[in-house]
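Its first residue numbered 791, the sequence shown is counted upward by one per residue in my numbering.
We put the CB at the ideal spot given by N, CA and C, even for glycine.
Reading through the C-alpha cells given below for one structure.
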Amino acid sequence: MLRFLPFLFVLIAIVVFAAWSLVRLLPLESRGVFVGTALLSLLVLALFVLTLLPLLDAFPMPLSVALYEVGNTLLVASLYMAFFFLSLRVLRLIPLVRDVVADLWLEHCWLTFVVSIVSMGVLMFAGYGNYMNKRRVALSLPVRGLSEHRRIVMLSDLHLGYHNRAGEVRRWVALVNAEKPDIVVIAGDLVDHSSRAVLQQDIMSELRNIEAPVYASLGNHEYFAPMADVMRILRESNITLLRDSVVQDKGLYIIGRDDRVNVRRQSLKALMLQVPPGAATILLDHQPYHLEEAEQAGITLQLSGHTHHGQFWPGSWITERIYEKAHGYLRKGNTHYYVSSGMGIWGAKVRLGTQSEYIVIDLIKE
C-alpha cells in the first residue's frame, strides 16, 4: 500500500487545486472559499473512493451504477479542470495578459466559471463518444508451423461491471461475431472488480453468444473479486481459462500465464515444455513486462493488455515511459507482440488521446 501513497497525495492535490480554483470564481469571502473548496474536494474524493470499496455492492444496482459513473467521471473532470486553471496561471507569465485580464479570469468571474464548467462537460462528452467508438485493428502475420490460415480476435481489459454492462457487451459480441473468427482470446481483466455487478446482470449469457471457442488468461483485476466468482463467470460464459496452462487448437498452441500478481506463477520456460518444438504459439500474458522472455522462449505471438495506453492524456505519456511497448504492434526477432489499449476501460468511460479497440489477427501459413 505504501507505494500508492505518492499517487494518493498527487490525486488529492489535483482535486483540491481544481476545487479551489473553481470556488474562487464565485463571489465568496475567504471563509466561503475555504469551506466551498473543502466540501467540493471531499465530495469528489469520497465518491471516487466509494467506487473502489466493496460497500458499493450493498446498494441497489441503479444507485451503484450511478455512483460508479459519477464518481469516476468527476475525478477525470477534476484533472482536466486543474489543467485548465494551471494554463490560465501560466498565461499570467505573459506581461500583456497579466496586466490586462489575467486577474479577472481567476477570481470572482462568472464568465470563467461558466466557461470552465461547460468546457469540462463538452470534453467529458467527447471522451465518452470516443470511448464508445470501438476501433478495429487488423494485423496479418506470416507464421511458421501452421497447418492452415487462422483468424483470431483478441480482446483485453473488458472490465465488466457497473460501467460496462450487459447492453454494451451485446454490442461487443456482435462486433466479434461479424469477423467470423476461428478463435477468440481475452488477455485478462474480463471483470472490473465487482463480481456482483456481472452476476446480477447475467453478462455471462451475452458472452455465451460468441460464435467461436474463447480462451482467456487472468488479469490483475480478477484478483480484486472473489476468485470463486470469477471462475463461475468464466465457466458460465463458456470461456476456457488458461491459468499457467496450454491448449492446442488445430495445431495452434495457446499459452495462458497467470497474472504477475501471483508471484508463484509458472515461468514461461516451464510452460513451453508442453509445446512441441517449432509449433506456432500464442502467449496470453496480461501485463506486458519483460517482453524479451517471449522472444527467448521462441513464442510466435504475445498478446497483452493492462496499460489502457493511459486511458486519457497525459496518462499515455506516463505508460509509454513505464513499458517497453505501451500500445500497438512490436516485433523482436521472430516474435510478434501486440499490446492492446483495451476494449473496455476501468473507471470513467472517457478516452482522450487513446482508443478502445479489438484486434483482428490473420495468421497466414508461411
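For ALA928, the secondary structure class from DSSP, reduced to helix, strand or coil, is strand.
Nearest C-alpha to LEU1081 among PRO1104, ILE1149, GLN1064 and TYR1113: TYR1113. In the same chain as LEU929, and ignoring 5 residues on each side of it, the C-beta atoms closer than 6 Å to its own belong to ILE1151, in chain order. In the same chain as GLN1056, and ignoring 5 residues on each side of it, the C-beta atoms closer than 8 Å to its own belong to ASP1034, ARG1047 and ASP1048, in chain order. One alpha carbon belongs to ALA1006, the other to VAL1129, and they sit about 15 Å apart. Of the residues ARG960, GLN1064, VAL927 and ILE1029, the one whose Cα lies closest to the Cα of ILE973 is ILE1029. In this structure, the straight-line span from the alpha carbon of TYR1043 to that of VAL1140 is close to 36 Å. A direct Cα-to-Cα measurement between GLY1132 and LEU945 gives close to 7 Å.
The three-state reading of DSSP puts SER811 in helix, counting H, G and I together. C-alpha of GLU859 to C-alpha of GLY822: approximately 29 Å in a straight line. Secondary structure note for GLY1046: its beta strand (DSSP E) is the uninterrupted segment 1042 to 1046.
In its chain, beyond the 5 residues on either side, GLU1085 have a beta carbon closer than 6 Å to the beta carbon of GLY1123. Taking 3 residues as the shortest admissible run, the stretch 984 to 1063 contains the following complete beta strand (DSSP E) segments, listed from N- to C-terminal end: 1004 to 1007, 1029 to 1031, 1035 to 1039 and 1042 to 1046.
In the DSSP assignment, LEU965 falls within the unbroken alpha helix (DSSP H) covering 956 to 968. Counting only runs of 4+ residues, the alpha helix (DSSP H) found wholly inside the stretch 862 to 921 occupies 893 to 896, in chain order. Membership of ARG821 in the alpha helix (DSSP H) is indicated by the continuous run 820 to 842. C-alpha of ALA956 to C-alpha of LEU913: approximately 26 Å in a straight line.
When secondary structure is reduced to three states using DSSP, PHE799 falls in the helix class. In this structure, MET871 and SER831 do not form a Cβ contact; the two beta carbons are roughly 12 Å apart against a cut-off of 8 Å. Under the 10 Å beta carbon count, TYR921 is surrounded by 16 or more other beta carbons and is classified as buried. CA-CA distance, MET910 to ARG925, rounds to 25 Å.
Taking a 10 Å sphere around the C-beta of GLU819, we find fewer than 16 other C-beta atoms and assign the residue as exposed. In the structure shown, SER854 adopts helical secondary structure according to DSSP, grouped into three states. Annotation for ILE804: SER868, LEU869 and ALA872 place their beta carbon closer than 7 Å to its own, counting only its chain and skipping 5 residues before and after. SER1106: member of the alpha helix (DSSP H) spanning 1105 to 1112, first to last residue. Inclusion of GLY1009 and ASP979 in the CB contact set at 8 Å is warranted, their separation being smaller than that value. In this structure, LEU989 lies away from VAL963, with their beta-carbon atoms at least 8 Å apart.
Of the candidates MET1017, SER1094 and ASN1052, SER1094 places its Cα closest to the Cα of LEU1120.
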